[in-house]
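**Student:**
Numbering (the UniProt record's numbering), first residue to last: 1 to 120.
#1: Under a Cβ-count criterion, where at least 16 other Cβ atoms within 10 Å of its own Cβ denotes burial, should residue 91 be classed as buried or exposed?
#2: Along the chain, where does the alpha helix (DSSP H) containing residue 86 start, and where does it finish?
#3: Per DSSP, which one or two residues make a beta bridge with residue 47?
#4: Identify the continuous beta strand (DSSP E) that holds residue 113 and give its terminal residues.
#5: With burial defined as no fewer than 16 other Cβ atoms inside 10 Å of the residue's Cβ, what is the status of residue 32: buried or exposed?
#6: Please state whether DSSP places residue 31 in a helix, a strand or coil.
#7: I'd like to know whether the C-beta atoms of residue 71 and residue 50 end up nearer to each other than 8 angstroms.
#8: Should residue 16 go down as buried or exposed, given a rule of 16 or more other Cβ atoms within 10 Å for buried?
#9: According to DSSP, is residue 18 helix, strand or coil?
#10: Looking only at its own chain, which residues have a Cβ that is under 6 angstroms from the Cβ of residue 80, when we skip the five neighbours before and after it?
#11: In the DSSP assignment, the beta strand (DSSP E) including residue 7 goes from what residue to what residue?
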């Protein structure tokens, strides 16, 4: 079983705006896909997949249920260092917007970063 970096997010507004923001954060346009994820894009060496809703339950002290959406970053060559750098870049690009409450996790077991939406 592969380990992935995932960003759990609370959109705070219409989901299509998050799709646009993820696209900008990736530097490539997400497109709707059939089955699995709702949207996906290839960013060179990795796939970025967005699911509007997920069914993960709170675990290991991580409040997955507090975030309705999930963005999964999968490196095609299973290069965990490169996958982590890609995930961190996307996370930071979204975090600077101040729009989303998010948590970046690795392998559903370790929180790597978090951000809180600005009020107002």
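Backbone N, C-alpha and C fix where the C-beta goes; we use that ideal spot for every residue, glycine too.
Remember, predicted model here, so these are calculated numbers, not experimental data.
**Tutor:** In this structure, then:
#1: With 16 or more other Cβ atoms within 10 Å, it is buried.
#2: Start and end: 80–95.
#3: Answer is 42, 74.
#4: 110–115 is the extent of the beta strand (DSSP E) around residue 113.
#5: Within 10 angstroms of the beta-carbon of residue 32 lie fewer than 16 other beta-carbons, which makes it exposed.
#6: Three-state result, residue 31: strand.
#7: Closer than 8 angstroms, so yes.
#8: Per the 10 Å Cβ criterion, exposed.
#9: The three-state secondary structure of residue 18, taken from DSSP, is helix.
#10: If we look at residue 80 and ignore the five residues flanking it on each side, it has no Cβ neighbours.
#11: Secondary structure note for residue 7: its beta strand (DSSP E) is the uninterrupted segment 5–10.
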